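In mature numbering (1 follows the signal peptide of the UniProt record, and there is no 0), the protein residues as written are -23 to -1, 1 to 374.
Structure first, then comments.
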């Protein structure tokens, strides 16, 4: 690690602890892609840690900033009145404040909101403290961008709390099952944002995807819960696209689709200590379907548990296009698969997946005693420890 970084890291670590970004003083570089074998260049893992600590240090001023409460701006919080305008008025005031404000959604209230569009840039780092319940209307409707709650063009925000984000998706699931309507809205979108922390919230029953991270960088997701019925269509837990330097840690996700899905032009994603299931597992997928070149690299999935997911880990690309997937690590994964294929690595026919690595991956059938398999196509894998079921992929030295 560079000498300058070594001197600055302790200061940034203190700042991170001061604002609660870290729940304890342990910040393991191996969770961010460092290997520690004495031969691999671990600069990327160290730099990623540095980036997240730098972001945390920017948040120190949040502790003493003014508080903007949605109740003060007229929100009823009765679960019946549409409080969207009160939320937007409160956001506009906070966004215009240069003294590290707090945007507060207080506990003890249920806020019905039709749509929220939190636009930046803002004048300062913002702490969004969400302790109440935010509820989507229980009706089929068309809304802007098909996004229910959206944060866009923001540099520096911490969204945390013990609140609930409830998409009330049951009406959408039934409507789609009867083929009477198209896709419902995504519940929570982070788009074109930098330095974002999302911590502690409980997402449930989104009409479609629960949380999407798009065209963003330095995003930390920690300690969240995402739930939806096992048969709810396209309700991915977390979906990441065209983003970089993203970490997802210490979270529980169980939905009707991918627990976590990663799509094109995404670089440096670390997924650690995530419990997944029900759902489709953790997927790098749907790459190249828009006839564009796709690239995904620098993905690390470690210390995760799969509970009856349809697959554990999966890579799926459009076979006819040059889709580049490289530098993907799967380390210390356990659990069960509800289908015969626990590991699926289907790479592009014209460009192989390279520098894939697996170590200490142990998956079994959710049906005791039943055999499970791996499926590979044009995937080159380095096995540095035990892998079950046995890999059928081409091995790299």
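Ideal Cβ placement from N, Cα and C applies to all residues, glycine included.
Because the structure is a prediction, the values reported are computed rather than measured.
| query | result |
| --- | --- |
| If we ignore side chains and look at the alpha-carbon of each, how far apart do residue 356 and residue 329 end up? | 6 Å |
| If you reduce the DSSP assignment to three classes, tell me which class residue 226 lands in. | strand |
| Nearest-angstrom Cα distance between residue 358 and residue 331? | 7 Å |
| DSSP three-state call for residue 150: helix, strand or coil? | helix |
| If contacts are defined as beta-carbon pairs under 8 Å, then residue 216 and residue 194 qualify, I think. What distance do you get, rounded to the angstrom? | So it is not a contact: roughly 16 Å between Cβ atoms. |
| Check whether the stretch 169 to 181 and the stretch 112 to 121 touch, using three or more Cβ-Cβ pairs below 8 Å as the test. | no |
| Within the same chain, show all residues whose beta-carbon is closer than 6 Å to that of residue 224, passing over the 5 residues directly before and after it, in chain order. | 197 and 247 |
| With C-beta atoms as the reference, is residue 336 less than 8 Å away from residue 308? | yes |
| Could you check what DSSP says for residue 69 in three-state terms: helix, strand or coil? | helix |
| Could you work out which residue in 87, 138, 318 and 150 is closest to residue 107 when comparing CA atoms only? | 138 |
| Are there 16 or more other CB atoms within 10 angstroms of the CB of residue 214, so buried, or fewer, so exposed? | buried |
| Apart from the five residues on each side of it in sequence, which residues of its chain come closer than 8 Å, Cβ to Cβ, to residue 100? | 72, 73, 74 and 75 |
| Within 10 angstroms of its Cβ, does residue 277 collect 16 or more other Cβ (buried), or is it exposed? | buried |
| Indicate the three-state DSSP secondary structure (helix, strand or coil) for residue 359 in the structure shown. | strand |
| Have a look at 284, 301, 275 and 130 and flag the residue whose alpha-carbon is nearest the alpha-carbon of residue 230. | 284 |
| What is the DSSP secondary structure of residue 199, counted as helix, strand or coil? | strand |
| Could you pull the start and end residues of the beta strand (DSSP E) that residue 59 belongs to? | 55 to 59 |
| Is it right to say residue 160 is buried, meaning 16 or more other beta carbons lie within 10 angstroms of its own, or is it exposed? | exposed |
| Under three-state DSSP, which class holds residue 123? | helix |
| Can you check DSSP and say which residues form a bridge with residue 304? | DSSP output for residue 304 lists no bridge partner at all. |
| Taking only three categories from DSSP, how would you classify residue 380? | One cannot answer for residue 380 here, as it falls past the ends of the chain, which runs -23 to 374. |
| Around the C-beta of residue 291, are 16 or more other C-beta atoms found within 10 angstroms, so that it is buried, or is it exposed? | buried |
| If you draw a straight line from the alpha carbon of residue 262 to that of residue 49, how long is it in whole angstroms? | 44 Å |
| Bridge partners of residue 260, per DSSP? | 238 and 291 |
| Under the rule that 16 or more other beta-carbon atoms within 10 Å means buried, what is residue 364, buried or exposed? | buried |
| With the cut-off set at 8 Å, would you say residue 233 and residue 256 are in Cβ contact? | yes |
| Are residue 206 and residue 149 touching if we call contact CB-CB under 8 Å? | no |
| So, is residue 306 buried or exposed, given that buried needs 16 or more other C-beta atoms within 10 angstroms? | buried |
| Quick one, which of 310, 142, 147 and 98 has its alpha-carbon nearest residue 133's? | 98 |
| Roughly how many whole angstroms lie between the Cα atoms of residue 67 and residue 199? | 26 Å |
| With which residues is residue 205 paired in a DSSP beta bridge? | In DSSP, residue 205 forms no bridge with anything. |
| In this structure, what does DSSP give as the bridge partners for residue 86? | Paired residues: none, contrary to the question. |
| Cα-Cα, which of 109, 91 and 317 is closest to residue 85? | 109 |
| Could you check which residue in 104, 361, 208 and 344 has the C-alpha nearest to that of residue 153? | 208 |
| Give me whichever residues DSSP pairs with residue 116 in a beta bridge. | DSSP, once it has assigned bridges, lists no residue as partnering residue 116. |
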